[in-house]
Amino acid sequence: MPSAQAQLMNGTDLARALIDDTARRAAALTRDRHVVPALATVLVGDDPASVTYVRMKQKRCERAGLRSEHVALPASTSTAQLVDALGVLSADPRIHGILLQHPVGEHIDERAAFDAIAPEKDVDGVTSQSFAAMALASKGFASCTPGGIIRLLDHYAVDPAGMHAVVVGRSPILGRPVGMLLLGRNATVTYCHSHTRNLGSIVSAADLLVAAVGKPNFIVGEDIKPGAVVIDAGYNAGNIGDVEFSSARTRASLITPVPGGVGPMTIATLLAQTLDAAERQTTAEE
Numbered sequence: 708m709p710s711a712q713a714q715l716m717n718g719t720d721l722a723r724a725l726i727d728d729t730a731r732r733a734a735a736l737t738r739d740r741h742v743v744p745a746l747a748t749v750l751v752g753d754d755p756a757s758v759t760y761v762r763m764k765q766k767r768c769e770r771a772g773l774r775s776e777h778v779a780l781p782a783s784t785s786t787a788q789l790v791d792a793l794g795v796l797s798a799d800p801r802i803h804g805i806l807l808q809h810p811v812g813e814h815i816d817e818r819a820a821f822d823a824i825a826p827e828k829d830v831d832g833v834t835s836q837s838f839a840a841m842a843l844a845s846k847g848f849a850s851c852t853p854g855g856i857i858r859l860l861d862h863y864a865v866d867p868a869g870m871h872a873v874v875v876g877r878s879p880i881l882g883r884p885v886g887m888l889l890l891g892r893n894a895t896v897t898y899c900h901s902h903t904r905n906l907g908s909i910v911s912a913a914d915l916l917v918a919a920v921g922k923p924n925f926i927v928g929e930d931i932k933p934g935a936v937v938i939d940a941g942y943n944a945g946n947i948g949d950v951e952f953s954s955a956r957t958r959a960s961l962i963t964p965v966p967g968g969v970g971p972m973t974i975a976t977l978l979a980q981t982l983d984a985a986e987r988q989t990t991a992e993e
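So the sequence shown is numbered by this note's numbering: it starts at 708 and just counts up by one.
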């Protein structure tokens, strides 16, 4: 008999619904308070992939009724110059959210640049203050990919409470914050990374697995616990995730495809949080 197939967690459809909802809210804010929500994107250099990502985000802004403003800086931009540019945007009342496209170049202190963004405009959830808010379950903006993952779990009625959640990856904008968000939902969280010993045995104990290591097919299906929920947040060349999809799908109960799972939710969450920021800032000005 053929093995059972896990249900796909369709991020594309959920993201579309979230963008449509954001568009309705943006139209209401513009109509009722004469405020057009605005997202500023900042790009250092001309890396082709980054240029493509920024253009995609600008198009999604248009669809959601948000204004986008792009700041293109040369690859030679210093940390001080980038910090100054982000400071100007942070002080501009016409801008409600700021996205610094990364990577920014090895010569730039990325943490200093991220922390130059005003927390109330950090709709990408990259500042130290935003991470603290995620860790302490206080008011702030979630990193967009982790935030999108939580939205996916909620949509598919996956309650992390009591689950053993294993996060493979510890980047400051994905692995670490998603673990904090899951801990806030009362999951028991284990972080794994490149120095973890006996990774397969730890993965095999996961009720909920988040793969965010950036290596194609790094996690094989035979290590997946039967019935586990698998969130593949990796994206590698050739539309390949961090999880060996075909074998994992025969063991998991729910799984995100690559593409069409986590990726669309990242951008949709960015737009929704930009609208949230615009509403908060407009209310604060009254």
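Positions of the beta carbon are idealized from the N, C-alpha and C atoms, including for glycine.
*Through-space distance from residue 958 to residue 931, alpha-carbon basis*: For this step, residue 931 is matched to residue 224 along the sequence shown. For this step, residue 958 is matched to residue 251 along the sequence shown. Using only the alpha carbons, I get a separation of about 6 Å.
*Touch check for the segment 874-887 and the segment 915-934: three-plus C-beta pairs under 8 Å?*
yes
*Look at the alpha carbon of residue 982 and the alpha carbon of residue 874, and state the distance between them as a whole number of angstroms.*
Within the sequence shown, the letter at position 275 stands for residue 982. Within the sequence shown, the letter at position 167 stands for residue 874. Going by the C-alpha atoms only, they are around 29 Å apart.
*Determine, using beta carbons only, whether residue 848 and residue 714 come nearer to each other than 9 Å.*
Counted from its first residue, the sequence shown places residue 848 at position 141. Counted from its first residue, the sequence shown places residue 714 at position 7. Contact flag unset, no.
_Residue(s) in a DSSP beta bridge with residue 969_ = Working through the sequence shown from its first residue, we reach residue 969 at position 262. DSSP output for residue 969 lists no bridge partner at all.
*Does the Cβ of residue 828 have 16 or more other Cβ atoms within 10 Å, making it buried, or fewer, making it exposed?*
As a first step, residue 828 must be located in the sequence shown, where it is residue number 121. Buried, since its Cβ has 16 or more Cβ neighbours within 10 Å.
*Kindly indicate which three-state DSSP category residue 930 falls into: helix, strand or coil?*
Stepping through the sequence shown from its first residue, residue 930 is reached at position 223. Helix, per DSSP.
_Given this structure, state the Cα-to-Cα distance separating residue 907 from residue 850, to the nearest angstrom._
In the sequence shown, counting from the first residue as 1, residue 907 sits at position 200. In the sequence shown, counting from the first residue as 1, residue 850 sits at position 143. Roughly 27 Å separates the two Cα atoms.
*Below 8 Å, can you find three or more Cβ-Cβ pairs linking the segment 783-793 to the segment 953-972?*
no
*How close, in whole Å, do the beta carbons of residue 972 and residue 859 come, if the pair is a contact with beta carbons under 8 Å?*
Mapped onto the sequence shown, residue 972 falls at position 265. Mapped onto the sequence shown, residue 859 falls at position 152. Sure, about 6 Å apart at Cβ, within 8 Å.
*Express the C-alpha separation of residue 722 and residue 866 in angstroms, rounding to a whole number.*
Here residue 866 refers to the residue found at position 159 of the sequence shown. Here residue 722 refers to the residue found at position 15 of the sequence shown. C-alpha separation (whole angstroms): 20 Å.
_With 16 other Cβ atoms within 10 Å as the buried cut-off, status of residue 949_ = For the purposes of this step, residue 949 is taken as the residue at position 242 of the sequence shown. Classification of residue 949: buried, given that the 10 Å Cβ count is 16 or more.
_Straight-line gap, residue 739 to residue 732 (C-alpha atoms, nearest Å)_ = Indexing the sequence shown from 1 puts residue 739 at position 32. Indexing the sequence shown from 1 puts residue 732 at position 25. Going by the C-alpha atoms only, they are around 10 Å apart.
*Opening and closing residue of the alpha helix (DSSP H) in which residue 862 lies*: Within the sequence shown, the letter at position 155 stands for residue 862. From DSSP, the alpha helix (DSSP H) with residue 862 extends over 851-862.
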